[in-house]
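J.: One structure follows; several queries about it will come next.
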Amino acid sequence: MANDYTKAEKLTIYFIGVTTGKSSIMRVFPEWAKYLGIDAEIKGFDFRLHDDAASYMEAVKFIKDDPLSAGALVTTHKLDLLDACRSEFNGLGPYAMELHEISSISKRGDELWGHAKDPITVGLSFEAFAKDGYWTETGAEMLILGAGGSSLALVTYLIGRAKAGRDLPSRIVINNRSQPRLTELKKHTAKMIKNSDLSSLNFEFNLAPEAIDNDAVVAGLKVGSLVVNATGLGKDGPGSPLTDDVVFPEKGIVWEFNYRGDLVFLDQANAQKKRRNLQIEDGWIYFIHGWTRVIAEVFHKDIPTAGPVFNELCMIAARVGAPAKKAG
Ligand SMILES: NC(=O)c1ccc[n+]([C@@H]2O[C@H](COP(=O)([O-])OP(=O)(O)OC[C@H]3O[C@@H](n4cnc5c(N)ncnc54)[C@H](OP(=O)(O)O)[C@@H]3O)[C@@H](O)[C@H]2O)c1
Numbered sequence: 001m002a003n004d005y006t007k008a009e010k011l012t013i014y015f016i017g018v019t020t021g022k023s024s025i026m027r028v029f030p031e032w033a034k035y036l037g038i039d040a041e042i043k044g045f046d047f048r049l050h051d052d053a054a055s056y057m058e059a060v061k062f063i064k065d066d067p068l069s070a071g072a073l074v075t076t077h078k079l080d081l082l083d084a085c086r087s088e089f090n091g092l093g094p095y096a097m098e099l100h101e102i103s104s105i106s107k108r109g110d111e112l113w114g115h116a117k118d119p120i121t122v123g124l125s126f127e128a129f130a131k132d133g134y135w136t137e138t139g140a141e142m143l144i145l146g147a148g149g150s151s152l153a154l155v156t157y158l159i160g161r162a163k164a165g166r167d168l169p170s171r172i173v174i175n176n177r178s179q180p181r182l183t184e185l186k187k188h189t190a191k192m193i194k195n196s197d198l199s200s201l202n203f204e205f206n207l208a209p210e211a212i213d214n215d216a217v218v219a220g221l222k223v224g225s226l227v228v229n230a231t232g233l234g235k236d237g238p239g240s241p242l243t244d245d246v247v248f249p250e251k252g253i254v255w256e257f258n259y260r261g262d263l264v265f266l267d268q269a270n271a272q273k274k275r276r277n278l279q280i281e282d283g284w285i286y287f288i289h290g291w292t293r294v295i296a297e298v299f300h301k302d303i304p305t306a307g308p309v310f311n312e313l314c315m316i317a318a319r320v321g322a323p324a325k326k327a328g
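Okay, structure coming up:
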């Protein structure tokens with residue numbers, strides 16, 4: 001793909017993805033920048049899935065060497081990009097070292113830094129709807145559908161939360177349609193828990209090749225439990241990881257990681273919303289936390305994760321991003 005590596009004429013943040021021009025951040029960032037007093041623009045760099053190492057290197061070297069190129073948010077290519085360009089980074093944040101991926105590229109003086117922000121941003125999104133104490137009070141459980149990168153981030157956050165002595169779902173079940181990433185996630189979870197006093201953590205990893213296998217686990221969840229769609233189905237592929245016959249837990253929380261696409265999983269939850277008294281969340285807040293944490297790192301700006309400034313950023317995003325939420 002032909003990306004434009006012309007020297008930036010003003011401070012610039014890049015969005016490294018697959019079809020970046022379609023994202024609502026292209027409309028949202030200029031408005032956020034005005035509000036935050038950041039005089040900068042945004043440009044997209046598109047790459048094929050698992051693109052050549054040389055292509056990633058070209059982009060990273062360009063950002064590193066161009067004084068007005070301030071950094072980037074990386075999606076989809078988080079593992080591949082770091083793998084290809086590790087030598088260019090002067091420093092990596094702790095999650096980047098642990099997870100071997102980066103979602104943020106930034107500069108500290110002459111140094112290029114990489115950070116993995118997902119365990120932080122997925123956690124902030126989780127906390128937006130599940131208040132501290134909820135899990136202890138209800139004894140509710142959690143099912144994560146999918147064992148990919150964002151599930152790894154969520155599990156990393158949950159373990160960090162447990163290490164900090166905060167409450168957790170009484171059982172955390174992870175279902176995946178095939179074995180390899182399930183095995184990887186299981187290994188990673190065991191590694192994170194090792195040498196800690198987290199014997200009360202209750203993780204289960206299930207191979208669930210068919211939607212009906214996921215339905216069966218949903219049916220067995222306690223009242224108030226959380227069901228997360230981290231499979232990408234509905235956006236990255238058609239359909240839902242559940243069948244239309246699924247029965248969500250009474251007073252349950254249903255969380256779809258995406259906010260755009262044909263989100264059948266959300267349709268299935270909405271069809272039972274009243275009957276089962278469900279709380280339904282999509283990926284919009286996750287999108288906002290994802291971008292604001294990287295913007296804060298790239299422009300060395302203190303952006304709060306809650307309160308009036310954060311609320312204003314949400315309102316701006318809804319105003320300029322909302323019409324394109326389905327397409328962006
Ligand atoms: N709102 C936001 O800002 C935000 C932030 C992060 C992620 N997301 C979205 O979250 C989604 C997941 O992201 P990701 O990075 O984790 O993707 P990923 O790495 O591709 O992982 C997806 C996982 O889901 C599994 N899967 C697919 N269909 C399944 C099914 N029917 N039942 C059970 N498991 C199934 C896949 O299985 P295999 O292992 O067999 O392939 C894979 O392990 C993406 O659509 C992404 O756009 C949104």
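Heads up: the sequence shown at position 146 corresponds to 146 in the numbering used here, and the numbers run straight through without jumps. Virtual Cβ for every residue (Gly too), placed ideally from N, Cα, C.
Enumerated in chain order, which unbroken segments of the alpha helix (DSSP H) with a length of 4 residues or greater are wholly contained in the segment 121-209?
T.: Taking only runs of at least 4 residues, the alpha helix (DSSP H) segments lying wholly in the segment 121-209 are 134-138, 149-163, 179-193.
J.: What did DSSP end up calling tyrosine 14 once you bin it into helix, strand or coil?
T.: The answer is strand: DSSP assigns tyrosine 14 an E or B state.
J.: Taking the alpha carbon of lysine 274 as the point to measure from, which residue in Val294, Val247, Phe287 has its own alpha carbon closest?
T.: The shortest C-alpha separation from lysine 274 is found at Val247.
J.: Taking 7 angstroms as the cut-off, decide whether the C-beta atoms of alanine 269 and threonine 243 are in contact.
T.: No. Outside cutoff.
J.: Report whether the distance from the Cβ of serine 178 to the nearest heavy atom of ligand 1 is below 6 angstroms.
T.: It does: the Cβ of serine 178 is within 6 angstroms (strictly closer) of some heavy atom of ligand 1.
J.: Give the DSSP-derived three-state secondary structure of serine 106 in the structure shown.
T.: In this structure, serine 106 counts as strand in the three-state DSSP scheme.
J.: At what residue ranges does the segment 47-75 contain a whole run of the alpha helix (DSSP H), taking only runs of 4 or more?
T.: DSSP runs (the alpha helix (DSSP H)) wholly in the segment 47-75: 53-65.
J.: Would valine 298 and glycine 71 be called neighbours here (beta carbons separated by less than 7 angstroms)?
T.: Contact flag set, yes.
J.: For glutamate 9, which three-state DSSP category applies?
T.: Coil at glutamate 9, not helix or strand.
J.: Below 8 angstroms on the Cβ atoms is my guess for alanine 40 versus leucine 11; work out the distance and round it to an integer in Å.
T.: Rounded, the Cβ-Cβ distance is 4 angstroms, consistent with contact.
J.: Using a Cβ-based criterion (distance less than 6 angstroms to any ligand heavy atom), does threonine 231 qualify as near ligand 1?
T.: Result yes, Cβ under 6 angstroms from ligand 1.
J.: Based on DSSP bridge pairs, tell me the residues matched to glutamate 256.
T.: Paired residues: Asn229.
J.: Which residue comes first and which comes last in the beta strand (DSSP E) that contains glycine 114?
T.: Note, glycine 114: beta strand (DSSP E), 111-115.
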